[in-house]
Each structure stands twice: as structure tokens, then as C-alpha cells.
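Enquirer: Got a structure for you, written out below as C-alpha cells; questions coming shortly.
Numbering (this note's numbering), first residue to last: 237 to 291.
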């Protein structure tokens, strides 16, 4: 069965939510946080971008 998700790309925070058995809920990240700061940091040309809380 497929799932439908909603993605909120806000100016301050972002989140992903879904509905399970008719009940909506926000999906937590690997550390249990439901909100992720909407920020990306590029430390240099050759470096990988750093996103969210780590940025």
C-alpha cells in the first residue's frame, strides 16, 4: 500500500507529515526531532553542503 506525504518547506523550519489510520502525524528524524531548520551551508567549493541542525 502506498503512503501519501506532505512536505512543508518553510522559511524557518521544514517538516514531513503523513496520515496513518486517519490520524495525521509529523515524521521525526533519526534523532527524534520533528522540525528541521530550513538552512543549507556550503563551507567551500569542494565541500559537501551541510543542512538542517548541523548547519
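Just so it is clear, CB atoms sit at the ideal spot from N, CA and C, and this is done for glycine as well.
Could you give the C-beta distance for residue 270 and residue 276, rounded to a whole number, given that I count them as a contact under 8 Å?
Expert: Within the chain shown, numbered from 1, the residue matching residue 270 stands at position 34. Within the chain shown, numbered from 1, the residue matching residue 276 stands at position 40. The pair is not a contact, with the Cβ atoms about 19 Å apart (cut-off 8 Å).
Enquirer: Along the chain, where does the beta strand (DSSP E) containing residue 245 start, and where does it finish?
Expert: Translated into positions along the chain shown, residue 245 becomes position 9. Looking at the DSSP string, the run of the beta strand (DSSP E) that includes residue 245 is 241-245.
Enquirer: What residues in its chain sit with their C-beta under 8 Å from that of residue 264, if we drop five residues either side in the sequence?
Expert: Start at 1 with the first residue of the chain shown, and residue 264 comes out as number 28. Within the same chain, residue 264 has close Cβ partners 270.
Enquirer: Would a C-beta distance cut-off of 8 Å place residue 251 and residue 272 closer than the cut-off?
Expert: As a working mapping, residue 251 is identified with position 15 in the chain shown. As a working mapping, residue 272 is identified with position 36 in the chain shown. The answer is yes: Cβ separation under 8 Å.
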